[in-house]
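Asks: Supplied in structure tokens, the structure appears directly below.
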Amino acid sequence: VKGGVAARINRLRMTHKNPVYSLAGMESHGKRRDATSQARAVGDKPPLVYGSLDLQDAFETHVEGALMSAACKAPVLHCILQWPVDLPLPDEAAEQLMLRRSIDFMNRTLGGDAVFAARLDRDESGRHTVDVFATPKYMKKTKDGERLWVSTSKHLKALCQKHLAEIKERHP
860 VKGGVAARIN
870 RLRMTHKNPV
880 YSLAGMESHG
890 KRRDATSQAR
900 AVGDKPPLVY
910 GSLDLQDAFE
920 THVEGALMSA
930 ACKAPVLHCI
940 LQWPVDLPLP
950 DEAAEQLMLR
960 RSIDFMNRTL
970 GGDAVFAARL
980 DRDESGRHTV
990 DVFATPKYMK
1000 KTKDGERLWV
1010 STSKHLKALC
1020 QKHLAEIKER
1030 HP
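In terms of this note's numbering, the numbers along the sequence shown are unbroken and rise by one, the last being 1031.
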């Protein structure tokens, strides 16, 4: 197997005029209700799913009881993990392992309890891409005590700080 796993993270709004930027649009895509997903289909094998294909409901359940800044307009991270295309996937157990490792990686990267849904589409020609949906949660300490909050920027800022030297080297 050549190379490693590549990841891209996009922030999603709950709704948006362009469905690519919304959780509602991603839900529609995962359920094969949009033109793009239908055009990509080359078979009828169902996806492997962690959580639910009902992304909006899964998000609401995930953040229940947590506080969120009123300034947070895009509370969901859509993490696209591309595994090496020469990675053998001989059976469903191997696909399940790839899905599980993607979820574990994103949870570790985003502070723990972040992932609320993930999907490996198996009806597309490329079967090495995992879609992970996350909203990181953390305990915020204030003078009034400790409360559960959600933030899509807190852990990403920490990740950028951790790799700042590498980032500056690539983008002088």
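Ideal Cβ positions, reconstructed from N, Cα and C, are used throughout, including at glycine.
Pick helix, strand or coil for M873, following the three-state DSSP scheme.
Replies: Indexing the sequence shown from 1 puts residue 873 at position 14. In the structure shown, M873 sits in coil (DSSP, three-state: anything other than H, G, I, E or B).
Asks: Sorted by chain position, which residues of the same chain lie with C-beta nearer than 8 Å to K1013's C-beta, five sequence neighbours on each side aside?
Replies: One-based indexing of the sequence shown puts residue 1013 at position 154. If we look at K1013 and ignore the five residues flanking it on each side, its Cβ neighbours are G970, P995, Y997.
Asks: Leaving aside the five residues before and after M965 along the sequence, list all residues of the same chain whose C-beta is less than 7 Å from its C-beta, in chain order.
Replies: Here residue 965 is taken as the residue at index 106 of the sequence shown, counted from 1. So the qualifying residues of the chain are C938, A973, V974, V991, A993.
Asks: Counting only the same chain and skipping the five closest in sequence on each side, list residues whose C-beta sits under 7 Å from that of V922.
Replies: Locating residue 922 in the sequence shown gives position 63, counting from the first residue. For V922, where only same-chain residues beyond five positions count, the Cβ hits under 7 Å are T994, V1009.
Asks: Looking only at C-alpha atoms, which of K890, F918, M927 sits nearest to L1007?
Replies: Within the sequence shown, numbered from 1, the residue matching residue 1007 stands at position 148. Of the listed residues, the one whose Cα sits closest to L1007 is M927.
Asks: I868 and L958 look like a contact to me (Cβ under 8 Å); what is the Cβ gap, rounded to whole Å?
Replies: Walking along the sequence shown from the start, residue 868 turns up at place 9. Walking along the sequence shown from the start, residue 958 turns up at place 99. At roughly 17 Å, the Cβ-Cβ gap does not stay under 8 Å, so I868 and L958 are not in contact.
Asks: Determine the direct distance from the alpha carbon of K999 to that of R981, and round the result to whole angstroms.
Replies: Start at 1 with the first residue of the sequence shown, and residue 981 comes out as number 122. Start at 1 with the first residue of the sequence shown, and residue 999 comes out as number 140. Taking the straight line from one Cα to the other gives about 39 Å.
Asks: Just the Cα atoms here: how many angstroms apart are A900 and Q1020?
Replies: Sequence index remark: in the sequence shown, residue 900 carries index 41 (1-based). Sequence index remark: in the sequence shown, residue 1020 carries index 161 (1-based). In a straight line, the C-alpha of A900 is about 39 Å away from that of Q1020.
Asks: Using DSSP bridges, identify the partner residues of R1006.
Replies: Here residue 1006 is taken as the residue at index 147 of the sequence shown, counted from 1. Note: R1006 sits in a beta bridge opposite K999.
Asks: With distances taken from CA atoms, which of L1015, I1026, Q915, P905 is nearest T874?
Replies: Stepping through the sequence shown from its first residue, residue 874 is reached at position 15. When each option's Cα is compared against that of T874, the closest is Q915.
Asks: So what does C938 bridge to, in DSSP terms?
Replies: The sequence position of residue 938 within the sequence shown is 79, counting from 1. I868, V991.
Asks: From which residue to which residue does the alpha helix (DSSP H) around L882 run?
Replies: Counted from its first residue, the sequence shown places residue 882 at position 23. Its alpha helix (DSSP H) spans residues 882-889.
Asks: For my contact list, A977 and S911 are in at a C-beta cut-off of 8 Å; report their separation, rounded to the angstrom.
Replies: Here residue 977 is taken as the residue at index 118 of the sequence shown, counted from 1. Here residue 911 is taken as the residue at index 52 of the sequence shown, counted from 1. A977 to S911, Cβ: 10 Å. No contact.
Asks: Figure out for me which residue from L979, E954, A1017 has the closest Cα to the Cα of A890.
Replies: Start at 1 with the first residue of the sequence shown, and residue 890 comes out as number 31. The question names Ala, yet the displayed sequence has Lys at residue 890. Minimum Cα distance to K890 is reached at L979.
Asks: Helix, strand or coil for L823? Go by DSSP, reduced to three states.
Replies: The question about residue 823 has no answer here: the residues shown for the chain are numbered 860 through 1031.
Asks: What are the residues that DSSP puts in a beta bridge with M927?
Replies: For the purposes of this step, residue 927 is taken as residue 68 along the sequence shown, with counting starting at 1. Answer is V1009, bridged to M927.
Asks: Are R986 and K932 touching if we call contact CB-CB under 8 Å?
Replies: By 1-based counting over the sequence shown, the position of residue 986 is 127. By 1-based counting over the sequence shown, the position of residue 932 is 73. No, the pair does not count as a contact, with Cβ atoms beyond the cut-off.
Asks: Return the CA-CA distance between P947 and A953, expressed in angstroms with no decimal places.
Replies: The sequence position of residue 947 within the sequence shown is 88, counting from 1. The sequence position of residue 953 within the sequence shown is 94, counting from 1. Each residue's Cα considered, the two are about 8 Å apart.
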